[in-house]
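Only one structure is covered here, and it is reproduced in the block below.
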Amino acid sequence: MSEYTDLCKDRAQTSVLRIYDMQTGKTEEVMRFPRVIEAPNWSVDGKSRIYNSYGDIYRFDLKTKESAKLDTGVADTCNNDHVLSPDGTGIAVSSGRGGDLVSRIYKVSLADGIAEEIVSEPWSYLHGWSPDGSTFAYCAGRGEGEDMAWDIYTMPSCGGEETRLTDAPGLNDGPEFAPDGKTIWFNSTRTGVMQIWKMNADGSEQTQMTFDETMNSRTIDGNVLLEYWGYNSVSFFAPNTSYASSPEYNEEGNELKELIKALHDNGIEVILDVVFNHTAEGNELGPTFCFK
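Counted the way our numbering counts, the sequence shown spans residues 736 to 1027.
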């Protein structure tokens, strides 16, 4: 095990495994761990969760509440980027080898623990496995030092040539295939702060799907539409950071409270006007946030 993971073991930390029910909106606490666990993925049969901890991969049985370490062969320094195969017979992991932290991508058989190195280039982090099992999608750093560029790549899951899908400034990360395998969703800082994007599986038609609260325009059908009203709500009752005098995030709420208190101290009442028909909608070419 590496010096880094040995250091982590000395930390007093607690991880909580929870399950969120998307139908009821309720959260169930399943287990508390006296150590760091990360990236719990559902098994194909829904009976267990697969997570990583201190370089190893574990299967957590939801019925017995017990964890069992999985054999990942030479991939012995696994990080939190791992994906189960669509048929449930294997797992692909991003891992170092021999205790190092240089992440490459391996495909591991769950039957015998044999690990096959698929992506040999260093600084490669797996995120997506196509529904038909044929393709990996991953984030990778290519280049050296300040010239290293972080982009999205794909490669056949059996190995071969990697294909670069993005070529944009900043970090391009977290590629995940849509259920039909035709598109890939990812995140990117190319327009400023991190936003969600999608593209076709061949890298074409890269489209921004989420927008910063300070954005006051949007391009629809090639036309730039300006937001003249001065508000474009995404989350009601959440003060807009751009209206605050302090550039520090999370201070806008305090500023609003101070403003209302100062107005009350001077005998001025405050009426909160919530306009539900002015929200950050898009159309079929973009995201829709509608609260009407």
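In this text, a Cβ means the ideal position worked out from N, Cα and C, and glycines have one as well.
Bear in mind that the values here come from a model prediction, so they are computed numbers and not experimental data.
- At least 8 Å separates the beta-carbon of lysine 804 from that of alanine 827.
- Under the three-state reduction of DSSP output, isoleucine 995 falls in the helix class.
- Assignment of tyrosine 978 by DSSP, reduced to helix, strand and coil, places it in the helix class.
- Apart from sequence neighbours up to five positions away, the residues of its chain that approach glutamine 930 with a beta-carbon distance below 6 Å are Gln943 and Thr945, ordered along the chain.
- In the three-state scheme derived from DSSP, where H, G and I count as helix and E and B as strand, glutamate 896 is classed as coil.
- Contact between arginine 784 and phenylalanine 795 holds, since their C-beta atoms are separated by about 5 Å, short of 8 Å.
- Residues Val779 of the same chain have their beta carbon placed closer than 6 Å to that of glycine 823, with the five preceding and five following residues left out of the count.
- The DSSP assignment places no complete alpha helix (DSSP H) segment of no fewer than 4 residues inside the segment 910-945.
- Rounded to the nearest angstrom, the Cβ distance from aspartate 867 to glycine 834 is 34 Å, too far for a contact under 8 Å.
- Cβ neighbours of asparagine 815 within its own chain (closer than 6 Å, five residues either side excluded): Glu773, Ala774 and Asn787.
- The closest CA to that of proline 821, considering only Leu998, Ser869, Arg877 and Trp858, is found on Ser869.
- If the five residues before and after glutamate 940 are omitted, its C-beta is found closer than 7 Å to the C-beta atoms of Met934, all from its own chain and listed in chain order.
- Distance between lysine 782 and asparagine 776, taken at the CA atoms: about 11 Å.
- Taking all protein chains in view, the Cβ of alanine 936 is crowded by 16 or more other Cβ atoms within 10 Å, so the residue is classified as buried.
- Arginine 753 counts as exposed, since fewer than 16 other C-beta atoms from the protein chains shown sit within 10 angstroms of its C-beta.
- When DSSP reads this structure, proline 891 sits in a beta bridge with Thr870.
- The closest CA to that of tryptophan 858, considering only Glu986, Ser830 and Leu900, is found on Ser830.
- Of the candidates His862, Gly938 and Cys893, the residue whose Cα lies closest to the Cα of serine 838 is His862.
- If you draw a straight line from the Cα of glycine 894 to the Cα of glutamate 986, it comes to about 49 Å.
- Taking all protein chains in view, the Cβ of threonine 799 is surrounded by fewer than 16 other Cβ atoms within 10 Å, so the residue is classified as exposed.
- For methionine 766, the enclosing beta strand (DSSP E) stretches over residues 762-768.
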